[in-house]
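Q: I have a structure I would like to understand better, so I am pasting it below and will then ask my questions one at a time.
Numbering (the numbering used here), first residue to last: 13 to 176.
As structure tokens, this is what we get:
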């Protein structure tokens, strides 16, 4: 009889402790998930910054710099220069498509994506070569990304230089 009393008492104590313990465990799990989301977003943002820096530094290649200068001066490009610029632009577009994917997955917030989207549109301002690269390669990109790029191009279509 005394034995049953202690078993019943232990059972009641365990029942009292179990409820708050479960609630605390769930709260702790939620806190851990929120922390991991923040860490993931920070890592994603760092990855974007590093990718942007790599593409930017690649654009400082002497061949590309010479080609960009010719574009600004409305001079004819050598074939090597044009090929270099086309490859560089394709790399930039692939990086931007990756940013779009990260945005879709929730790794970038709306404000970050809006800023990146505006920057995407500036790639085509006054640059028919970039527009030509895009028109020839857009079928190889995510259709939703293509729609966004087309919208950005449409917003800036009056900035395209005429070929001379």
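Every residue gets a Cβ at the ideal spot worked out from N, C-alpha and C, and that includes glycine.
1. Please identify the residue among 47, 86, 56, 66 whose C-alpha is closest to the C-alpha of residue 118.
2. Would you decide whether residue 34 is buried or exposed? Buried here means 16 or more other CB atoms lie within 10 Å of its CB.
3. To the nearest angstrom, how far is the alpha carbon of residue 152 from that of residue 94?
4. Does DSSP put residue 168 in a helix, a strand or coil?
5. On the three-state DSSP scale, how would you describe residue 85?
6. Beta-carbon within less than 8 Å of residue 154's beta-carbon, same chain only, minus the 5 sequence neighbours each way: which residues are those?
7. Quick one: which unbroken beta strand (DSSP E) runs of 3-plus residues sit fully inside the stretch 43-94? Chain order, please.
A: The structure says:
1. 56
2. exposed
3. 20 Å
4. coil
5. coil
6. 109, 112, 113
7. none
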